[in-house]
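Trainee:
Number of protein chains: 2
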Amino acid sequence: MAEPPVFQRLALIGVGLIGSSIARIARREGIAAEIVGADASPAARADIEELKLCDRLYADAAKAVDGADLVIICTPLGAYAEIGPAIQKRLEPGAILSDVGSVKQAVIRDLAPTVPDGVHFIPGHPIAGTEHSGPKAGFAELFQGRWCILTPSPGTDEAAVERLAALWRRAGSMVELMEPAHHDQVLAITSHLPHLIAYTIVGTAFGLEESTRREVIKFSASGFRDFTRIAASDPIMWRDIFLNNREAVLEMLGRFTEDLTALQRAIRWGEGEKLQDLFTRTRAIRRSIIEAKQA
Amino acid sequence: MAEPPVFQRLALIGVGLIGSSIARIARREGIAAEIVGADASPAARADIEELKLCDRLYADAAKAVDGADLVIICTPLGAYAEIGPAIQKRLEPGAILSDVGSVKQAVIRDLAPTVPDGVHFIPGHPIAGTEHSGPKAGFAELFQGRWCILTPSPGTDEAAVERLAALWRRAGSMVELMEPAHHDQVLAITSHLPHLIAYTIVGTAFGLEESTRREVIKFSASGFRDFTRIAASDPIMWRDIFLNNREAVLEMLGRFTEDLTALQRAIRWGEGEKLQDLFTRTRAIRRSIIEAKQA
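Going down the list, the sequences are from chains A and B. Here the first sequence stands for residues 0 to 294, where the numbers follow numbering that gives the first Met the number 0. Here the second sequence stands for residues 0 to 294, where the numbers follow numbering that gives the first Met the number 0.
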């Protein structure tokens with residue numbers, strides 16, 4: 000027997016890579032009796048219609064949230080400041096308002112003041128994604144075996160948190176509660192800084208003269224191509240992440256630059272032992288990740 | 000009908016990830032009538048024996064090259080300075096001496112003076128590898144669809160270059176001839192700098208306080224784990240690469256640091272357009288790599 004729907008009406012504001020993956024899972028698992036979508040992009044809406052991802056689809060976020068008992072914002076962070084006030088009056092009492100944004104303090108800063116009394120605001124962040132974007136890029140297995148972090152403020156209704164967590168667990172995720180500031184710091188080092196560095200080095204390579212640039216592509220199998228995959232991630236989404244997690248990213252970047260300068264000096268002075276020591280330590284870290292089944 | 004062997008006796012000095020992959024291909028393709036190996040590590044030799052990768056196996060490089068018409072050095076670069084003089088007097092006239100090292104100018108500097116007249120010295124570099132090392136990590140498909148760069152000096156016997164190129168083509172590789180200095184510059188940006196950066200950021204993450212460090216592993220699926228894979232590459236091999244391609248690595252590192260500083264400034268001042276512009280350009284580069292079938 001299938002489990003009964005956890006939600007009567009799920010509204011997804013933004014139906015791109017993440018939103019469409021949630022829609023696919025909600026459908027497959029029967030998590031929501033009805034799936035309503037909103038997407039500002041006509042091209043995305045055409046794809047969503049074609050893929051039959053939603054029962055109803057709107058351009059306008061406000062229309063989609065009417066009568067929904069779960070609303071998940073799945074747009075780039077830069078759109079939140081507009082979405083909050085737009086949906087404010089249409090949110091049903093008792094509904095859960097969540098999101099999937101990669102930064103949590105800024106989300107709370109932008110959205111919390113707009114959330115009406117009686118609506119449960121539970122920011123979320125599934126640690127999953129690919130370098131592709133748009134409704135066609137989503138798939139139901141995206142969250143399988145991955146973590147989903149929820150950052151409710153103290154005093155949030157526990158039953159509501161549990162209902163939202165149930166959705167993520169049925170998507171195959173492990174759920175963890177975390178302080179928003181701590182989330183932003185951990186993600187700055189595990190996700191935001193790696194992306195920033197990948198974007199930078201790919202940009203550096205393409206600042207080289209034309210002849211070298213062609214060879215960079217040809218011989219990219221030697222390390223570079225892993226960076227190009229990361230640096231192919233959605234430009235607007237990532238612009239918004241850096242603008243919204245500025246402090247934590249700059250802090251981690253400062254540490255990284257110090258460490259890089261120390262290595263640079265070791266190379267210049269031929270200090271092989273320092274290099275070998277670090278490289279041996281980092282190899283051990285890879286093993287921890289394989290053991291944690293996140294490789 | 001199988002093609003006849005290209006070589007009578009192939010000597011592999013160092014039978015790790017790359018050397019053992021060459022041994023597997025040489026066996027599968029019947030490229031060499033006899034495969035002789037040398038490895039200084041007793042543990043590696045035990046694995047090589049167990050896997051039956053070589054017809055004869057020695058600890059000593061000099062013994063392995065006796066009577067070989069192709070000798071390929073597959074050790075970390077730091078061992079070359081010792082191997083050159085050690086094998087010098089045992090190299091047969093007419094034999095080809097090659098290698099698979101990731102730096103070419105330093106290899107030529109160290110080995111060329113030791114190569115006897117009548118031996119064809121053709122430095123090589125297959126652009127392939129994994130983060131694993133040792134004879135057990137090798138596999139015959141490692142070079143399939145990848146480039147192999149050869150950097151013979153002007154005047155090298157063309158027939159000898161062609162015989163070596165034939166080996167690599169039978170391993171599934173595309174062969175390209177290149178100036179050693181240009182090789183070192185291209186690899187500095189496509190391979191050496193990406194590895195240096197990956198080693199650095201993994202080190203930075205592990206300089207964080209213990210509680211954050213555990214979470215870095217847990218939530219590594221968000222970008223970080225790709226870096227940990229690269230930063231799990233062989234420590235000694237990579238120490239030697241940085242020490243031997245110092246100038247080109249420091250030059251590329253300088254460019255990278257400038258670009259990173261510019262991005263850091265854009266984040267600090269909230270210059271979203273600059274970020275989005277770069278991120279849009281780098282996404283296009285990924286497409287070029289996919290089109291070049293090197294993704």
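We put the CB at the ideal spot given by N, CA and C, even for glycine.
Counting Cβ pairs, one atom from each stretch, are 3 or more of them under 8 angstroms apart for the region 212–225 of chain A and the region 238–257 of chain B?
Mentor: no
Trainee: Among A:Glu28, A:Glu250 and A:Ser20, which one has its Cα closest to the Cα of Leu207 (chain B)?
Mentor: Along the second sequence, one-based indexing puts residue 207 (chain B) at 208. Comparing Cα positions, the closest option is A:Glu250.
Trainee: Taking the alpha carbon of Ala313 (chain A) as the reference point, which residue from A:Arg286, A:Ala261 and A:Ile17 has its own alpha carbon closest?
Mentor: Residue coverage of chain A in this structure runs from 0 to 294, which leaves residue 313 (chain A) outside it and unanswerable.
Trainee: Closer than 8 angstroms by beta-carbon distance: list the chain B residues that pair up with Tyr79 (chain A), in chain order.
Mentor: Start at 1 with the first residue of the first sequence, and residue 79 (chain A) comes out as number 80. What Tyr79 (chain A) touches in chain B: nothing, since even the nearest Cβ is about 14 angstroms away.
Trainee: Using only alpha-carbon positions, find the residue among A:Pro125, A:Tyr198, A:Gln184 and A:Ala42 that is nearest to Arg280 (chain B).
Mentor: In the second sequence, the residue the question calls residue 280 (chain B) occupies position 281. Checked all of A:Pro125, A:Tyr198, A:Gln184 and A:Ala42; the closest Cα to Arg280 (chain B) is A:Tyr198.
Trainee: Hey, out of B:Lys88, B:Ser152 and B:Trp146, whose CA is closest to Ala220 (chain A)'s CA?
Mentor: Numbered from 1 along the first sequence, position 221 holds the residue referred to as residue 220 (chain A). Comparing Cα-Cα distances from Ala220 (chain A) to each of B:Lys88, B:Ser152 and B:Trp146, the minimum goes to B:Trp146.
Trainee: Please tell me whether Ala165 (chain A) and Val70 (chain A) are closer than 8 angstroms, where the distance is taken between their beta carbons.
Mentor: Counting from 1 along the first sequence, the entry for residue 165 (chain A) is found at position 166. Counting from 1 along the first sequence, the entry for residue 70 (chain A) is found at position 71. Result no, Cβ atoms of Ala165 (chain A) and Val70 (chain A) do not sit closer than 8 angstroms.
Trainee: Which chain B residues sit within Cβ distance under 9 angstroms of Asp225 (chain A)?
Mentor: Sequence index remark: in the first sequence, residue 225 (chain A) carries index 226 (1-based). Chain B residues near Asp225 (chain A): Pro193, Ala197, Asp225, Phe226, Arg228 and Ile229.
Trainee: Counting pairs of beta carbons, one from the region 34–45 of chain B and one from the region 99–118 of chain B, are three or more of them closer than 8 angstroms?
Mentor: no
Trainee: Could you list the residues in the region 138–161 of chain A with a C-beta less than 7 angstroms from some C-beta on chain B, going in chain order?
Mentor: Within the region 138–161 of chain A, Arg145 and Trp146 place their CB atoms closer than 7 angstroms to a CB of chain B, listed in sequence order.
Trainee: Is there a Cβ of chain B sitting closer than 8 angstroms to that of Gln275 (chain A), yes or no?
Mentor: Counting from one through the first sequence, the residue named residue 275 (chain A) turns up at place 276. Interface residue, yes.
Trainee: Can you tell me the Cα-Cα spacing of Leu149 (chain B) and Val174 (chain B), whole angstroms?
Mentor: Numbered from its first residue, the second sequence carries residue 149 (chain B) at position 150. Numbered from its first residue, the second sequence carries residue 174 (chain B) at position 175. Our two residues, Leu149 (chain B) and Val174 (chain B), have alpha carbons roughly 7 angstroms apart in a direct line.
Trainee: With H, G and I counted as helix, E and B as strand and the rest as coil, what does DSSP make of Asp116 (chain B)?
Mentor: Residue numbering aside, residue 116 (chain B) sits at position 117 when the second sequence is read from its first letter. Coil.
Trainee: Under 7 angstroms Cβ-Cβ, which residues of chain B neighbour Gly271 (chain A)?
Mentor: For this step, residue 271 (chain A) is matched to residue 272 along the first sequence. The answer, in chain order, is Arg238 and Leu242.
Trainee: Output, in chain order, the set of chain A residues within a Cβ distance shorter than 7 angstroms of Glu214 (chain B).
Mentor: Translated into the one-based positions of the second sequence, residue 214 (chain B) becomes position 215. In chain order: Val185.
Trainee: Once DSSP output is grouped into helix, strand and coil, what is the label at Leu141 (chain A)?
Mentor: For this step, residue 141 (chain A) is matched to residue 142 along the first sequence. Of the three classes helix, strand and coil, the one that applies to Leu141 (chain A) here is coil, per DSSP.
Trainee: Arg55 (chain B) bridges to which residues according to DSSP?
Mentor: Translated into the one-based positions of the second sequence, residue 55 (chain B) becomes position 56. BP columns for Arg55 (chain B) point to B:Val35.
Trainee: Examine chain A for any beta-carbon lying closer than 8 angstroms to the beta-carbon of Val248 (chain B), and answer yes or no.
Mentor: Walking along the second sequence from the start, residue 248 (chain B) turns up at place 249. Interface residue, yes.
Trainee: On the DSSP bridge assignment, give the partners of Leu176 (chain A) in chain order.
Mentor: The residue given as residue 176 (chain A) occupies position 177 in the first sequence. By DSSP's assignment, Leu176 (chain A) forms a beta bridge with A:Leu149.
Trainee: Work out the CA separation of Asp109 (chain B) and Gly133 (chain A) for me, nearest whole Å.
Mentor: One-based indexing of the first sequence puts residue 133 (chain A) at position 134. One-based indexing of the second sequence puts residue 109 (chain B) at position 110. If I take the Cα positions, the gap works out to 53 angstroms.
Trainee: Quick one: which unbroken alpha helix (DSSP H) runs of 4-plus residues sit fully inside the region 230–282 of chain A? Chain order, please.
Mentor: Complete alpha helix (DSSP H) runs here, min 4: 234–243 and 245–267.
Trainee: For a contact defined as C-beta to C-beta under 7 angstroms, what are the partners of Leu207 (chain B) on chain A?
Mentor: Locating residue 207 (chain B) in the second sequence gives position 208, counting from the first residue. Neighbours of Leu207 (chain B) on chain A, chain order: Ile188.
Trainee: Find out if the Cβ-Cβ distance for the pair Cys53 (chain A), Gly15 (chain A) is shorter than 8 angstroms.
Mentor: Walking along the first sequence from the start, residue 53 (chain A) turns up at place 54. Walking along the first sequence from the start, residue 15 (chain A) turns up at place 16. Taking 8 angstroms as the Cβ cut-off, Cys53 (chain A) and Gly15 (chain A) do not qualify as a contacting pair.
Trainee: Under three-state DSSP, which class holds Pro295 (chain B)?
Mentor: Residue numbering for chain B in the displayed model covers 0 to 294; residue 295 (chain B) lies beyond these limits and cannot be assessed.
Trainee: For chain B, is any of its Cβ atoms less than 8 angstroms away from the one on Arg264 (chain A)?
Mentor: Within the first sequence, numbered from 1, the residue matching residue 264 (chain A) stands at position 265. With 8 angstroms as the cut-off, Arg264 (chain A) does not count as an interface residue toward chain B.
Trainee: Are the CB atoms of Ile121 (chain A) and Ala94 (chain A) within a distance shorter than 8 angstroms?
Mentor: As a first step, residue 94 (chain A) is located in the first sequence; it is residue number 95 there, counting from the start. As a first step, residue 121 (chain A) is located in the first sequence; it is residue number 122 there, counting from the start. For Ala94 (chain A) and Ile121 (chain A), no; Cβs fall outside 8 angstroms.
Trainee: Beta-carbon within less than 8 angstroms of Pro4 (chain B)'s beta-carbon, same chain only, minus the 5 sequence neighbours each way: which residues are those?
Mentor: Here the question's residue 4 (chain B) lines up with position 5 in the second sequence. Only Gly29, Ile30, Ala31 and Ala32 meet the Cβ criterion.
Trainee: Are the C-beta atoms of Val296 (chain B) and some chain A residue less than 8 angstroms apart?
Mentor: Because residue 296 (chain B) is not part of the residues shown, which for chain B are 0 to 294, the question remains open.
Trainee: Determine the contact status of Ile289 (chain A) and Ile200 (chain B), defining contact as a CB-CB distance below 8 angstroms.
Mentor: For this step, residue 289 (chain A) is matched to residue 290 along the first sequence. For this step, residue 200 (chain B) is matched to residue 201 along the second sequence. No.
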